[in-house]
Amino acid sequence: MPVSGSLSNVDWEPSFSTVAVHGGQEPDPVNGSRAVPLYQTAAYNFTDAADGASKFAWSKDGYVYTRMGNPTNSVFEKRMAMLEGGVGAVAASSGHAAQFMALTQCCDPGHNFVSTSWLYGGTYNQFRVYMKKFKIDVKWVVGNEPADIDAAIDENTRCVYIETISNPKHSVPDIQAIADVAHKHGIPLIVDNTFGMGGYLCQPIRQGADIVTHSATKWIGGHGTSMGGVVVDGGHFDWSASGKFPGFTEPADGYHGLRFWDTYGYKALSAKVRMDSMRDLGPCLSPFNAWLLLQGLETLALRGERHSENTQKLAEWLEAHPSVNWVLYPGLKSHPDYEYTKRVFTNGAGGVLTFGVAGNIDQVRAVVDNLKLCSHLANVGDAKTLIIHPWVTTHQQLPDEEKIKGGVTPDLIRVSVGIEAFSDIRRDFEQAFEAAGLPTANKAGGDPFDAALRLVSGGFMGEKATGAPRPGTDGTVSVEA
């Protein structure tokens, strides 16, 4: 008789919220634990010499070393693949690690990839600065227009990279159209679906994306406690068709001539990330963090609904406020991508918005400093409402023109809306606006980014709070008694 509590028992297609609770897990066959057991171990016993040799050769299923695989991590990976509609997934130590592994599986030294410039600041800087160390170039496109992406692709381009909802500009790309462009050139589309809330809002693979990445630190975990990332393999890209990916089709030096495409077929990407990137780079997810992220997934659909509901309400309230110049949120009718978002996103328009207040930069800072309930920090996707001023924080290292190209203006405040009572969130912003002494806004309409360069050069900035790191500062914090 089958053990109860397993999706393998059901003969129907379970819903997203059910998969988020049960996906990838079979009840513990040893002790009957209903919760996913935490395997906090570095390595695993072999039954004999032949068992060890077979597992090291990847000719036998099993675990060797937690850098390449762990039973707790495996449940998280299987669940994420199911939620995103992929054929496999590999957990990583962070979203940054996940996207780096995905990109470097597509690109070798001398290659390039095409990316929108409307990106999270950390991603923008990784692409702009760090990828150069590997002689991999990024070709920037301002915006998400498929025709512009098409024009940027050349003979050395090996993939296209976009975000489901660009951070912080909140543009929503046409994933299917961009996937068609990439596939016309024989290259894959990578989509960072972090703002898609673990697949709750949007599942890019079902719209043509080939690889999906997440910072699982955000809505997947949901409580701001655990760093993590994941690469999801869509399982429909033919790595052999174009001749552009010899790493998949030619003999692998590290595995005695194994050919990943011949051996793993449409699961070659996830196999190669695990067996190649994870083995040699080592950005593995801690089993404890995987266990915490699994706890987060169980309530993802409930939290996602509340996040989206609260964000929609806050966006509408801000848009009507007399001291707010503009609001960007794809759930607003004023947003240029509103109709597309409504058609493609299944459960709301996301949990983050940006807005600009009337006044100068000192008044922007005053809004941030006077918020009492909202937390001022560099994260999104927490159960708590979080705010940040990206111009002087997440995008601080970029030149002003690069910030604006990346979708950041001096007056922009980003809000990751939590699951608190909306009345309390609204009241906190009301009192902060009052304390900041904001003037009446000029609601002239139009794209706020068109005026950003004038703000920078027209006295808006006042005294800048940014500057070079202090001598001796190494990122650590000393606490004096």
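Terminal number for the sequence shown in UniProt numbering: 481, no gaps in between.
Quick reminder that beta carbons are idealized off the backbone N, C-alpha and C, glycines included.
- Leaving aside the five residues that flank V327 on each side, the residues in its chain whose CB is nearer than 7 Å to its CB run, in chain order, A315, L318, E319, L353, F355.
- By the Cβ criterion, the region 223–232 is in contact with the region 74–93, since at least three pairs of Cβ atoms, one from each stretch, lie closer than 8 Å.
- Excluding its 5 nearest sequence neighbours in each direction, S277 has C-beta neighbours in its own chain below 6 Å: M101, listed in chain order.
- The C-beta distance from G186 to N193 rounds to 23 Å, too long to meet the 8 Å contact threshold.
- Judged by DSSP secondary structure, I413 falls outside any alpha helix (DSSP H) and instead within the beta strand (DSSP E) spanning 412–416.
- Closest option to V141, judged by alpha-carbon separation, among A57, G265, P204, Y161: Y161.
- DSSP, reduced to helix, strand and coil, places A43 within a strand of the structure shown.
- The secondary-structure analysis by DSSP pairs V90 across a beta bridge with V231.
- By the CB criterion at 8 Å, I388 and R414 fall inside the cutoff.
- With 16 or more other Cβ atoms inside 10 Å of its own Cβ, R79 counts as buried.
- Bounds of the beta strand (DSSP E) holding R158 are 157–163.
- Taking a C-beta distance under 8 Å as the contact criterion, A349 and P330 qualify as a contact pair.
- In the structure shown, the three-state DSSP call for W291 is helix.
- In terms of CA proximity to A290, R67 leads the group R67, L119, V30, N31.
- Here DSSP, grouped into helix, strand and coil, assigns G62 to coil.
- In this model, S416 and A57 are separated by some 45 Å (Cα to Cα).
- DSSP lists V114 as the bridge partner or partners of K139.
- If you look at G356, you'll find it isn't in any alpha helix (DSSP H); it sits in the beta strand (DSSP E) that goes 352–357.
- In this structure, P188 and N144 do not form a Cβ contact; the two beta carbons are roughly 17 Å apart against a cut-off of 8 Å.
- If you look at V273, you'll find it isn't in any alpha helix (DSSP H); DSSP assigns it neither H nor E.
- Contact between K169 and W118 holds: CB atoms are separated by about 5 Å, below the 8 Å threshold.
- Of all alpha-carbon atoms in L438, A97, P399, I404, the one lying nearest the alpha-carbon of R274 is that of A97.
- Cβ-Cβ distances below 7 Å link F260 to F248, A252, A268, A271, K272 in the same chain, with the five nearest sequence neighbours on each side left out; the list follows chain order.
- Residue range 71–84 is occupied by the alpha helix (DSSP H) that includes N73.
- Sorting Y340, T299, Q431, A441 by C-alpha distance to the C-alpha of A358 places A441 at the top.
- The Cβ atoms of L438 and S308 do not sit closer than 8 Å to each other.
- When C-alpha distances from N9 are compared across H395, R303, G24, the shortest belongs to G24.
- Looking at the DSSP output, S215 sits in a beta bridge with G229.
- Going by DSSP, D150 is part of no beta strand (DSSP E) but of the alpha helix (DSSP H) stretching over 146–152.
- Within the DSSP bridge table, the entry for D192 names E163, T213 as partners.
- The C-alpha of T213 lies about 20 Å from the C-alpha of V181.
- Per the C-alpha coordinates, the member of Y124, A92, I136 positioned closest to G110 is I136.
- Secondary structure at H22: helix, using DSSP grouped into helix, strand and coil.
- When the five nearest sequence neighbours on each side are left out, the beta carbons in the same chain lying within less than 6 Å of the beta carbon of F422 are those of N310, K313, in order along the chain.
- Counting the other Cβ atoms within 10 Å of the Cβ of S115 gives 16 or more, which makes it buried.
- With a threshold of 16 other beta carbon atoms within 10 Å, E401 falls short and is exposed.
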